[in-house]
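In my numbering, the protein residues as written are 28 to 126.
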């Protein structure tokens, strides 16, 4: 039911997961303080930048420079855009960052 995989090069660190389909991983040992700092730093600086490693694209579409925009106090607003074609006229919701 459970399978294990070594985490990095440490022999005493092993990750367990229920199956190959699940994403959740249980670590047998806690992260060291420096490792926590590393992952906090990564999650705040590099993960939000393209290619975004978040689920914002699924909801809002691609949002460029998300972290830099947040530092510049920009907010995400919804705007409706009119799309005209020969067959039908429809409205499309778009999102953009404004200050």
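A virtual CB, placed ideally from N, CA and C, is assigned to each residue, including glycine.
So what does DSSP say about residue 68, is it helix, strand or coil?
helix
Smallest Cα separation from residue 72: which of 101, 94, 100?
94
I need the DSSP call for residue 98, collapsed to helix, strand or coil.
helix
How many Å lie between residue 58 and residue 69 at the Cα?
15 Å
How is residue 61 classed by DSSP in three states: helix, strand or coil?
helix
In angstroms with no decimal places, state the Cα-to-Cα distance between residue 67 and residue 60.
11 Å
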